[in-house]
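K.L.:
One structure follows; several queries about it will come next.
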Amino acid sequence: MTGYLAKRFLQAIPILLGASTIIFFLMHAAPGDPTSIYLANPNIDPAVVEQMRRNLGLDQPVHVQYVKWLGSFLTGDFGYSFSQHRPISDILKDAIPNTLLLSAVALTLIFLIGVVVGTVQAVRQYSWMDNIATVASFFFYSMPSFWFGLMLILLFSYKMQLLPASQMTSVDYEFLTVPNQWIDRLKHLLLPSLALGVGGAAAVARYMRSGMLEQIRQDYVRTARAKGLSERKVIFKHAMRNALIPVVTLLGLFFPFLMSGTVLIETIFAWPGMGRTIVNAIFMRDYPVVLASAFVIAVMVIVGNLIADVLYSVIDPRVTVEEEAG
Amino acid sequence: MRRKESDMRRTARIATLGALALALACGGAGEEPGERPEAEAAPADGGMLVTAIGADPDVLFPPTSTSAQSSDIYDQIFWYLMRSDPDLVHHQPGLADSFRFSEDSLAIDFFINPGVTWHDGHPFTAEDVVFSHDVCTAPEINFSAVSWLQHITEVEAVDSLTVRFHYDRKYMPEYMVTDANVCYPIPEHILGEMSYEEMKNSDYTRRPVGTGPFRFVSWEPGQRVVIEAYPDFFKDRAHLNRVTYRVIPEPTTIVTEVMNGNVDLWPRFQSSFYPELTESPGIEVLSEPGRSYTYITYNTEDPIFSDVRVRKALTYGLDRQQIVDALLYGQAKIATQPIISIIWAHDPEIEPYPYDPERARQLLEEAGWTDADGDGIREKDGRDLRFELKTNSENQLRKDVVQIAQQQWKEIGARATPNTAEANTFFEDLMAQEYQAAVAGWVVGIKPDLEPTFKTGELFNFPAAKNARLDSIMAEAVLEADMEEATELWSQAQRIVVDEAYYTFLFEQNDLHAIHERFRGVDMTPYGWGHYLEEWYVPEGRQRYDVPVGASPFAEEGEDVAAEAGGVSGTTAGATTDR
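Residue numbers (the numbering used here), protein chains in the order written: chain E, 78 to 403; chain V, 36 to 614.
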């Protein structure tokens, strides 16, 4: 197992390096630079903007900037943000936990909702519940998450005034009692994680339904029924465990999906995470922040995939990671 | 912690019906929107204002900050020696009670109020002002408004409460005072020992200690910045206990939070939300003259637009009132000239070109553009009157203007093809004169200065105007020390710009602010919505949040720094405690 993990990490290095390099040159190829927003302002002396460019090292040729950036990057120094005037490691320290929290809750929702709905559909195949759930899951699967997010805000925040539409806590959070602080946080989490996860949940439901249907027809299920096990036991203990195997592999696929989702969802719900950090940085042409965030997201995706592979071996006794790696 | 109204609000939200009750409670039954009842009683202290900002501030350190979100906040934490009057040219007492020009008018003495203290309790002195000037002019700091300081040769502390600014020449006295007040005083006792490099990256830039009516409390990046009333302010303390700036990037989300009561103030919102917000109960929309105008610029180096008659014809052929009514719900006035109406040098006698399609057709005929083949498009020398009308893709309002112009110009036989580009590319094209016509806008500074935008060869001279007479009048106007003379000169310069029709002046847009009606004493100025924030209050009983003003966040625990004025104890406390 350790050997396998080490190998996977080594494989990740060229991927990360390549991705960062491509993003570096893409960012520099985009029109404008971090100082452009001041250039279109007659109240700011062009000499000041020139000085700004020198201070940021933007007056040097791109390949020189690349070597410099790579050098400090490899030594673990992400550098300074142009637009926020603080170390990027500080920015990431603020943003990463927030995104992880949001994604983790979304992922939980995806699997809980997906597995439950898919199982019910399979067990009650062709019932009205199954039909409605099928239509609904296609609907939610094909719907853009930002639109769904806005609809959630419209319904639960604007019309019903039940849940807050933005941020992680209320403005008077620090004056709440501890249990109320928890409730406040949960309320703020609900809408964004739902918006982020609903597409994934619909997909999981589809996989779960077909997986369950396949398992239910298997001989071992018939055997289990024949030996007089209750239907509940047959479904949950025998069939479901096997049907879950393909679903778990989806976990790795959902991670990049969630990461790209946060870009929109965090902006709509004013959630201070990685997605918003990278969007702001792109608009401000804050190259070092874009690079560092893209790198972190790439790492998260790779780690997510790895976790999925490891889980796969845990759930499916037939698979061991050594075999797969070889 | 006890909470009054917020508890009620929370409970009310549990039941959907409760929400309705809340909306009614906020509605101030039968109150005319936009009309504020007279202050019920003396202004009460307490309560909180929650406002929305579209992005995180960069830093809260005036010399290096360049973001508008930051200045909204640090304008409350820092104060100038003299405060700008809402007329944008005169001054009111700030940290200094008064000022006096020297005999030769080449120096100004400012007399600091002896009661002024930094938020950590240290007294504010003339030395701080000298120090701040050094910081603002240091190349390492690269202060964005450094050009305003170009005529100040030296800043000198005459005594601890008198600071003298020396100038290299005389110009308009009002602006000599203004220029002495563009660099916020920052504390020497905290920053004095640092190198400029250390200063730029110090904790202080994210946790400032100022002299203004509000002091810094906390900043959760991407979430919110909180400031609170500084109880030891040398004038009356700010009435509001707290102001919270919530970072919400998406306008649709902000509008929901405003209607929900989770945001009390949405400053400078987009006009497309105007109908929705004006009809919301409990919310007042304030419409104030703003500091920007929108125009169409014509590239005079283009064969079509080198003829002034064509530029004029397109101006006559555009119904600007319709644009104002349709796109801005009337919350704008038709622009007539580059110096907008809130600036003293604005010439009210310059009339806008009327909407007159007949006159437009006539001018085009005179210029030789005729529709001989009857296809509805004029041509001249075998070339159709077709051109590209550019704008930047991020700005919906400008894109809508392009659509309307395209429609209306069809009527006079001109065909405009819309073209959009991302802002950076767009401005680069304008500066390089790589365009034919474009819809753009300026946010104007507080001083009238047309040279950057109309002087021959200037970077921002988008129309590529080359008018020697205009250049010389502008050069004279900039140097003119007498306000009346200057007004006359600017008027002459503007008449040339208008006659030459380098621009079609479209509109001066009002700043629209949505605010919950419980706030009183709200007086917004073109200088900024929060210029008089310390005077805002919520009447007793209407306060929604019971948030206390805390103990000084800058004093070390159990230690009263104010009592040890001059001591070293408080010096670094502000910069090191965690956030």
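Note that the Cβ used here is the ideal one computed from N, Cα and C, for glycine as well.
Tell me whether ASN454 of chain V counts as near the ligand SAM, meaning its Cβ is closer than 6 Å to at least one heavy atom of that ligand.
P.N.:
Among the components of this structure there are no ligands whatsoever, and the ligand SAM is therefore not found.
K.L.:
So, is the C-beta of ILE293 of chain E closer than 7 Å to a C-beta in chain V?
P.N.:
With 7 Å as the cut-off, ILE293 of chain E does not count as an interface residue toward chain V.
K.L.:
Using only alpha-carbon positions, find the residue among V:LEU312, V:VAL244, V:GLY565 that is nearest to VAL278 of chain V.
P.N.:
Answer by Cα proximity: V:GLY565.
K.L.:
Please tell me whether ILE283 of chain V has its Cβ less than 7 Å away from any Cβ of chain A.
P.N.:
Of the chains in the structure shown, none is chain A; the protein chains are E and V.
K.L.:
Can you pull the DSSP bridge partners for PHE249 of chain V?
P.N.:
According to DSSP, which records beta bridges pairwise, PHE249 of chain V is partnered with V:ALA264.
K.L.:
Would you report the Cα separation of ASN430 of chain V and TRP477 of chain V, rounded to the nearest angstrom?
P.N.:
Looking at the two C-alpha atoms, the distance is approximately 13 Å.
K.L.:
Taking DSSP as the reference, what is the three-state secondary structure of PHE86 of chain E?
P.N.:
Residue state, collapsed to three classes: helix.
K.L.:
Cβ closer than 9 Å: which chain V residues qualify as neighbours of HIS162 of chain E?
P.N.:
By Cβ distance, chain V contributes ASP93, VAL94, PHE96, THR99, SER100, LYS235, ASN236, THR240, ARG241.
K.L.:
Apply the 10 Å Cβ neighbour rule to PHE217 of chain E and answer buried if 16 or more other Cβ atoms are within range, or exposed otherwise.
P.N.:
So PHE217 of chain E ends up on the buried side.
K.L.:
Go ahead and label HIS154 of chain V buried or exposed: buried means 16 or more other beta carbons lie within 10 angstroms of its beta carbon, across all protein chains shown.
P.N.:
It is buried - the Cβ of HIS154 of chain V has at least 16 other Cβ atoms within 10 Å.
K.L.:
How far does the alpha helix (DSSP H) with GLN356 of chain V in it reach, from first residue to last?
P.N.:
First-last of the alpha helix (DSSP H) with GLN356 of chain V: 355 to 363.
K.L.:
Should TYR81 of chain E go down as buried or exposed, given a rule of 16 or more other Cβ atoms within 10 Å for buried?
P.N.:
Per the 10 Å Cβ criterion, buried.
K.L.:
Would GLY593 of chain V pass as an interface residue toward chain E - the criterion being a Cβ-Cβ separation below 7 Å?
P.N.:
Note that GLY593 of chain V scores 39 on pLDDT, short of 50, meaning its location in the model is unreliable and no value can be drawn from it.
K.L.:
Figure out for me which residue from V:GLY89, V:GLN578, V:MET509, V:VAL557 has the closest Cα to the Cα of THR288 of chain V.
P.N.:
Here the closest residue by C-alpha is V:GLY89.
K.L.:
Which residues in the same chain have their Cβ closer than 6 Å to the Cβ of GLN104 of chain V, if we skip the five residues on either side of it in sequence?
P.N.:
Within the same chain, GLN104 of chain V has close Cβ partners ILE88, ALA90, PRO92.
K.L.:
Express the C-alpha separation of LYS205 of chain V and VAL511 of chain V in angstroms, rounding to a whole number.
P.N.:
Checking the sequence, you will find Glu at residue 511 of chain V rather than Val. Approximately 14 Å between the Cα atoms of the pair.
K.L.:
Does DSSP put ASN454 of chain V in a helix, a strand or coil?
P.N.:
If DSSP states are grouped into helix, strand and coil, ASN454 of chain V belongs with the strands.
K.L.:
Could you tell me which chain E residues have their CB closer than 7 Å to the CB of LEU494 of chain V, listed as they occur along the chain?
P.N.:
The contacting residues are PRO123.
K.L.:
Select from the segment 252 to 274 of chain E all residues with a C-beta closer than 7 Å to any C-beta belonging to chain V, and list them in chain order.
P.N.:
The segment 252 to 274 of chain E vs chain V, Cβ under 7 Å: PHE252.
K.L.:
Under a Cβ-count criterion, where at least 16 other Cβ atoms within 10 Å of its own Cβ denotes burial, should VAL212 of chain E be classed as buried or exposed?
P.N.:
Exposed, by the Cβ-count rule.
K.L.:
Hey, out of V:GLU314, V:TRP114, V:ALA536, whose CA is closest to ILE221 of chain V's CA?
P.N.:
The shortest Cα separation from ILE221 of chain V among V:GLU314, V:TRP114, V:ALA536 belongs to V:TRP114.
K.L.:
Could you check whether the segment 292 to 306 of chain E touches the segment 261 to 270 of chain E, counting it as contact only if at least three pairs of C-beta atoms, one from each stretch, sit closer than 8 Å?
P.N.:
Not touching, per the Cβ criterion.
K.L.:
What does DSSP give as the partner residue(s) for ARG504 of chain V in the beta ladder?
P.N.:
The partner list for ARG504 of chain V (beta bridge, DSSP) is empty, contrary to what the question assumes.
K.L.:
Report buried or exposed for ARG418 of chain V, applying the criterion of at least 16 other Cβ atoms within 10 angstroms of its Cβ.
P.N.:
Under this definition ARG418 of chain V is an exposed residue.
K.L.:
ASP80 of chain V to PHE159 of chain V, Cα distance in whole Å?
P.N.:
Between ASP80 of chain V and PHE159 of chain V, the C-alpha separation is close to 25 Å.
K.L.:
Can you list the residues of chain V that PRO365 of chain E reaches, using a CB-CB cut of under 8 Å?
P.N.:
By Cβ distance, chain V contributes nothing, its closest Cβ being about 14 Å from PRO365 of chain E, past 8 Å.
K.L.:
Here's the rule I'm using: 16 or more other beta-carbon atoms within 10 Å means buried, otherwise exposed. How should GLY403 of chain V be labelled?
P.N.:
Under this definition GLY403 of chain V is an exposed residue.
K.L.:
Could you say if the segment 78 to 96 of chain E and the segment 346 to 357 of chain E meet the contact criterion of at least three C-beta pairs nearer than 8 Å?
P.N.:
No contact exists between the segment 78 to 96 of chain E and the segment 346 to 357 of chain E.
K.L.:
Going by the CB atoms, is the gap between ILE508 of chain V and GLN527 of chain V shorter than 7 Å?
P.N.:
Yes, Cβ-Cβ distance for GLN527 of chain V and ILE508 of chain V is below 7 Å.
K.L.:
Give a yes or no on whether 7 Å exceeds the smallest Cβ distance from MET351 of chain E to chain V.
P.N.:
No, MET351 of chain E does not count as interfacial toward chain V.
K.L.:
Report the start-end ranges of each alpha helix (DSSP H) in the segment 201 to 230 of chain E that is 4 residues or longer and not cut off at the edges.
P.N.:
Within the segment 201 to 230 of chain E, the complete alpha helix (DSSP H) runs of at least 4 residues are 205 to 219, 222 to 229.
K.L.:
Give a yes or no on whether the minimum CB-CB distance between GLN258 of chain V and chain E is below 7 Å.
P.N.:
It does; some Cβ of chain E falls within 7 Å.
K.L.:
First and last residue of the beta strand (DSSP E) that includes GLU423 of chain V?
P.N.:
GLU423 of chain V -> beta strand (DSSP E) spans 421 to 427.
K.L.:
Which residues in the same chain have their Cβ closer than 6 Å to the Cβ of ASP406 of chain V, if we skip the five residues on either side of it in sequence?
P.N.:
Correct list, in chain order: ARG413, GLY448.
K.L.:
Which one of E:VAL367, E:PHE223, E:GLN137, E:LEU271 has the shortest CA to CA distance from PHE159 of chain E?
P.N.:
Looking at the Cα atoms, E:VAL367 is the closest of the given residues.
K.L.:
At a cut of 8 Å, does the segment 330 to 343 of chain E reach the segment 171 to 189 of chain E through at least three beta carbon pairs?
P.N.:
Enough Cβ pairs lie closer than 8 Å, so yes.
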